[in-house]
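Just so you know, the protein sequences line up as chains A, B, C and D, in that order.
Heads up, the first sequence is in this note's numbering, so the first residue is 1 and it goes up one at a time.
Heads up, the second sequence is in this note's numbering, so the first residue is 1001 and it goes up one at a time.
Heads up, the third sequence is in this note's numbering, so the first residue is 2001 and it goes up one at a time.
Heads up, the fourth sequence is in this note's numbering, so the first residue is 3001 and it goes up one at a time.
Here a beta-carbon is modelled for each residue, glycine too, at the ideal position from N, C-alpha and C.
For reference, the structure discussed in these notes is given below.
Protein chains: 4
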Amino acid sequence: MKLPDVQADRPDITVDLSRVGVSGLKKHVKLAREQNDPVILISEFDMSINLPSYRKGANLSRNLEAMNTVLERAIDEPVVEIESLCAEVAKEILDRHEYGKKAFVSMESEYAVEREAPVSNQKSQEVIEIFAEAVATEEEVSNKVGARVKGTTTCPCAQEIMAEKIRESLSEKDLSKEEIDDLLDRIPIATHNQRGVGTISIKVPEEYFVPIERLVEIIKDSMSSEIFEILKREDEAHVVEEAFDNPTFVEDVVRSMVSDVVKDFSHLPDKAVVNAKQVNKESIHSHDAFAEVKSCLGDLRQEMSN
Amino acid sequence: MKLPDVQADRPDITVDLSRVGVSGLKKHVKLAREQNDPVILISEFDMSINLPSYRKGANLSRNLEAMNTVLERAIDEPVVEIESLCAEVAKEILDRHEYGKKAFVSMESEYAVEREAPVSNQKSQEVIEIFAEAVATEEEVSNKVGARVKGTTTCPCAQEIMAEKIRESLSEKDLSKEEIDDLLDRIPIATHNQRGVGTISIKVPEEYFVPIERLVEIIKDSMSSEIFEILKREDEAHVVEEAFDNPTFVEDVVRSMVSDVVKDFSHLPDKAVVNAKQVNKESIHSHDAFAEVKSCLGDLRQEMSN
Amino acid sequence: MKLPDVQADRPDITVDLSRVGVSGLKKHVKLAREQNDPVILISEFDMSINLPSYRKGANLSRNLEAMNTVLERAIDEPVVEIESLCAEVAKEILDRHEYGKKAFVSMESEYAVEREAPVSNQKSQEVIEIFAEAVATEEEVSNKVGARVKGTTTCPCAQEIMAEKIRESLSEKDLSKEEIDDLLDRIPIATHNQRGVGTISIKVPEEYFVPIERLVEIIKDSMSSEIFEILKREDEAHVVEEAFDNPTFVEDVVRSMVSDVVKDFSHLPDKAVVNAKQVNKESIHSHDAFAEVKSCLGDLRQEMSN
Amino acid sequence: MKLPDVQADRPDITVDLSRVGVSGLKKHVKLAREQNDPVILISEFDMSINLPSYRKGANLSRNLEAMNTVLERAIDEPVVEIESLCAEVAKEILDRHEYGKKAFVSMESEYAVEREAPVSNQKSQEVIEIFAEAVATEEEVSNKVGARVKGTTTCPCAQEIMAEKIRESLSEKDLSKEEIDDLLDRIPIATHNQRGVGTISIKVPEEYFVPIERLVEIIKDSMSSEIFEILKREDEAHVVEEAFDNPTFVEDVVRSMVSDVVKDFSHLPDKAVVNAKQVNKESIHSHDAFAEVKSCLGDLRQEMSN
């Protein structure tokens, strides 16, 4: 018995659809690597293709077959890396839909990184969020790669206010301005601090490579201090001192990220699109504070050189 | 004692920030209405402003004051409606940041609508999601308004396959093709169906008004059947019959939405941006299926007239 | 045509079910009040009833009708309060299922409270989470009522370590121990702080009343400082000073909550069940820290009196 | 410099705490296996210990060290399985807190299973949720293990109503009751169906083993039909036919789960606690329907033998 192909019918309303596909697809991803253990992740994917006005439906199972074909290939070939996975799948989807002109694939995943506590050197792990998004047409394939990492931030404004108040309090004690300044230099000044979440993504043509681990490092370096899974007492003291020595607004964190991206990614083209965002889970408010830059790398290069 | 204004300092890295603000702010919103009871909602807001390169920080508390000013006004003046709230706040934020050129406000909320079951007419409620997003500059204020509504969809493809299988099975019984067709006409043919979630948003200059309740109706009409809080047995039969009489792919639902938007919103300008999306929580897969149109109204009008 | 009642059939497998019902039901709740404006909330409900082994299915629409009956009554009668709503619905559900012996209703909601900044007295709001859970049998109705509130906590351990380090650093400066102690008394000592979330619930027979607003106050008082929607600079200084003067572990916060509950709820019976929990969104870790007490009030009274 | 140990102080309020610990800890878990590839997962853990009234704080970093010790051991020893991981960690935590008497560890994770489409045999995957919870005291260690799996369910009530309506419609056509019954036997009768989520957990003393994969199979078998990642047209027809041949209420699904658990786990003791729950993401309502059994195995055995 031949089963009917309803998707190939002409629809009543002939409007082009921007995208048709599947979302929330969880996949066990295993990627071979040249000399290391394979990377193994459970990732969530959205995969879609445009649909021309003359066709009632898209063949959604082809998207899933495209994904599985790429994943099977990735087990054997160390060439497919987590950074290029979405682009590979998007190209495969485009190939399999003769009526489609533009394929979209996005991914969210968690990724474990080995770490060491800053003083005790105790080994621990950090699980960060990574994401990617590829768009494939016959002409070009763009690939966005990003990471989201937690850290801590201390507020420069409240710290300045506290310093002012300490100065006032100490001046009652017959100390000179120099003595007070010297004292304040030796003391980490109190201020509110909080958990912060930094995100950087960069969108480039697929022939350029953006290493996720470099994005993770830039995000960590931009907050007041890194944070850790395990902190013994001496580590905790170190983190607090570092954080209170480096107060940062959300604005400062984003600008630091942008500055490092401009310095480190000199091999990327001007049209690369950079998105850097910092969200502070404010400890003195119920809501969050955030700052964000979304700009092409060429413009950021120019701003930085001014 | 004068407290320092650290935000006004010059930053070390002088890069423009696209937006700086607060997110996840929950507010109790009360809107006066000409003749009806006031609308009362708890909504979640993001509010932000661009920050020029020469300024270290934005004054975030001004965003919150802007919000509260508008909300106080809204209690007295029936002119502020849920559809225009974000635009009002965005303008107020722009006014309060002398260094800012572009203010952004977005909102997510829940909204209750009175309903009646289709046969028993039993009264019930439906809580839908609504959202809005405004961008204000000195030159113009754009306002996006949207709604997200659940319904049910039945699959046309599986229904055709089932019809084919029934035809084959009945043909063994010495029935003519006409008799079989007549039988099939009297029977709702089985197929998988599922909970679907439809979303429409329209972005327009603030002087145009997009009534949320009309978006809700269009979404409901585009799926195989509406769904209800309370269904007595006779209502349940009605919903099932209607759903199985109107099989729809995600693609069909989106095209129906677009078609209704083009018909109903003839007063909107060509540059209005329409985003229509349908997500089916597939009952035969763990993942979802979706279709989406994002296009300006002018282009959709042209496609529909072809 | 008479429609079949499949639920009333005998099932193949005759096992008692602990509960059968609906979950994730969103309702617009409006409660009349003696002299004030009505309270209006959108709440999410679960409602269920036990099912004896001899019955195939429960009549789920009766749960929804029970809810609507109570909500209609609540619009007119100021007697139904948010604290007693679940108990009222549970009793109504029990009444409507002749085969059921135990009805369960739970609710989650958001609730807005008016607030004032601590120094500037600027008016703002706070949206807190409230929840309730009632179980009704013929013999008794129990009612659990709770609230979840955000605040800030400063770490006593890191603060002691920082004080030790400051002492060491100042001792190089030829200051006496007394002079150093006097200095440290005048300075808020730096330590990591973070957003904390406190929760208290109390389960009592329905004839006892547990006012949600009192739970909210106890939670606020137990953390290092309250937090606010809007803080002008002078308010921010006040919050930071208060927080750094009152360092608290998650353990301290829970013990303070328990202590206040024992003091304030002397009218409740010994068998009242108290659950107090504090979660700190650690600013120096990716994970959270938490402490929890779950105990009957009688035992807590005895521990407190030791 | 010796750093102070504030946690060891005596607190102001001397109340026992039920548990103190860390939550939301994400860990990369790698488990060796006798003959297969290791299992690799990213899991989320909560880990806590009771705290006696005389101690101000618990040493939280010891929980993390306990976890890491067990995970390192699990890389080398195929004996540690995903089912016993929480129990191993709970025992290690108890060992490391000389002041603690009861340790708690819980885990949530995703787990990928290889699958085949029912007709085409096309290979695909399924990612399911698994969870575990262990409580360790000196006397005993209890271990709860569970799985959560999606499937599809068709409604028996609406199907009976539809059959009745078809009977009425066909009776106008001069067909005998026998002819109508024969026709209805050959036709899958339409009814609403939906995505369902089944969960089973079993809590036992740690010396008993509950294989997660057996729980997954029982859940799958209890719904109207399994669901799949990839379905070609012939597979889709098969799933729809199977689902419409096996209509099930949430109540039926739970009873089927319980029945299979009683049959398959004859080696478990009567005091094993079984929790079986089915949630249907209703396609004709915005809310969900659910049924649940929570009972000890001994009681279920007795009910089943009646």
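- By the 16-neighbour rule on beta-carbons within 10 angstroms, residue 269/A is exposed.
- Scanning its chain for C-beta atoms nearer than 8 Å, with the 5 sequence neighbours on each side dropped, one finds around residue 2229/C the residues 2115, 2124, 2125, 2126, in chain order.
- For residue 1033/B, the closest of 1172/B, 1027/B, 1073/B by C-alpha to C-alpha distance is 1073/B.
- Here residue 3296/D carries a strand assignment [DSSP, helix/strand/coil].
- Chain-ordered, the chain B residues with CB closer than 8 Å to the CB of residue 3193/D read 1192, 1193, 1194, 1283.
- For residue 1183/B, the CB contacts under 8 Å within the same chain, skipping 5 residues up- and downstream, are 1170, 1175 in chain order.
- Its Cα nearest to that of residue 1139/B, the residue 1207/B stands out among 1068/B, 1207/B, 1054/B.
- For the 8 Å CB-CB criterion, residue 107/A and residue 43/A form a contact.
- In this structure the segment 13-24 of chain A touches the segment 40-54 of chain A; the number of beta carbon pairs closer than 8 Å is three or more.
- Using a Cβ-Cβ cut-off of 9 Å, residue 1186/B is close to 3166, 3169, 3170, 3172, 3173 of chain D, given in chain order.
- Residue ranges of uninterrupted alpha helix (DSSP H) with 4 or more members, entirely inside the segment 2185-2225 of chain C and ordered along the chain, are 2212-2222.
- The straight-line gap separating the alpha-carbon atoms of residue 3029/D and residue 1189/B is approximately 48 Å.
- Under a 10 Å Cβ-count criterion, residue 2233/C is classified as buried, with 16 or more other Cβ atoms of the shown protein chains found around its own Cβ.
- Under the DSSP assignment, residue 2028/C falls outside any alpha helix (DSSP H), being part of the beta strand (DSSP E) whose first and last residues are 2017-2031.
- In the same chain as residue 220/A, and ignoring 5 residues on each side of it, the C-beta atoms closer than 7 Å to its own belong to 149, 151, 226, in chain order.
- Only residues of its own chain outside the window of five on either side were considered, and among them 2017, 2020, 2058 have a CB closer than 6 Å to the CB of residue 2051/C, listed in chain order.
- In this structure, the straight-line span from the alpha carbon of residue 2099/C to that of residue 2063/C is close to 13 Å.
- Of the other Cβ atoms in all chains shown, 16 or more fall within 10 Å of the Cβ of residue 1218/B; this residue is therefore buried.
- Only buried fits residue 1092/B, as 16 or more other CB atoms lie within 10 angstroms of its CB.
- Pairwise C-beta distances place the segment 190-204 of chain A out of contact with the segment 72-91 of chain A, as fewer than three of them are shorter than 8 Å.
- Look at the beta carbons and you see the segment 1282-1298 of chain B not touching the segment 3256-3274 of chain D: under three pairs across the two are nearer than 8 Å.
- Short of 7 Å from the beta carbon of residue 145/A, and not among the five residues preceding or following it, lie these beta carbons of its own chain, in chain order: 83, 132, 201, 202, 210, 212.
- Across the segment 13-39 of chain A, CB contacts with chain D closer than 7 Å involve 26, 27, 28, in sequence order along the chain.
- Distance between residue 2155/C and residue 2249/C, taken at the CA atoms: about 6 Å.
- Relative to residue 2095/C, the option among 2066/C, 2086/C, 2120/C, 2194/C whose CA is nearest is 2066/C.
- Taking 8 Å as the Cβ-Cβ cut-off, the segment 2267-2293 of chain C approaches chain D at 2279, 2285, 2286, 2287, 2288, 2289, 2290, 2291, 2292, 2293, given in chain order.
- Here residue 1266/B is exposed: its Cβ has fewer than 16 other Cβ atoms, across all protein chains shown, within 10 Å.
- Chain-order list of chain D residues neighbouring residue 112/A: 3028, 3042, by C-beta distance under 7 Å.
- Nearest to residue 3236/D by C-alpha distance, out of 3117/D, 3110/D, 3097/D, is 3117/D.
- Counting along the chain, no beta strand (DSSP E) covers residue 69/A; the unbroken alpha helix (DSSP H) around it starts and ends at 60-76.
- At a cut-off of 8 Å between C-beta atoms, residue 250/A does not count as an interface residue with respect to chain C.
- Here the C-alpha atom of residue 1003/B lies approximately 9 Å from the C-alpha atom of residue 165/A.
- By the C-beta density criterion, residue 2278/C is buried, having at least 16 other C-beta atoms within 10 angstroms.
- Residue 3195/D has its alpha-carbon roughly 11 Å from the corresponding atom of residue 1288/B.
- Within the DSSP secondary-structure output, residue 151/A pairs in a beta bridge with 196/A.
- When 3036/D, 3284/D, 3197/D, 3245/D are compared, the shortest CA-CA separation from residue 1238/B is found for 3284/D.
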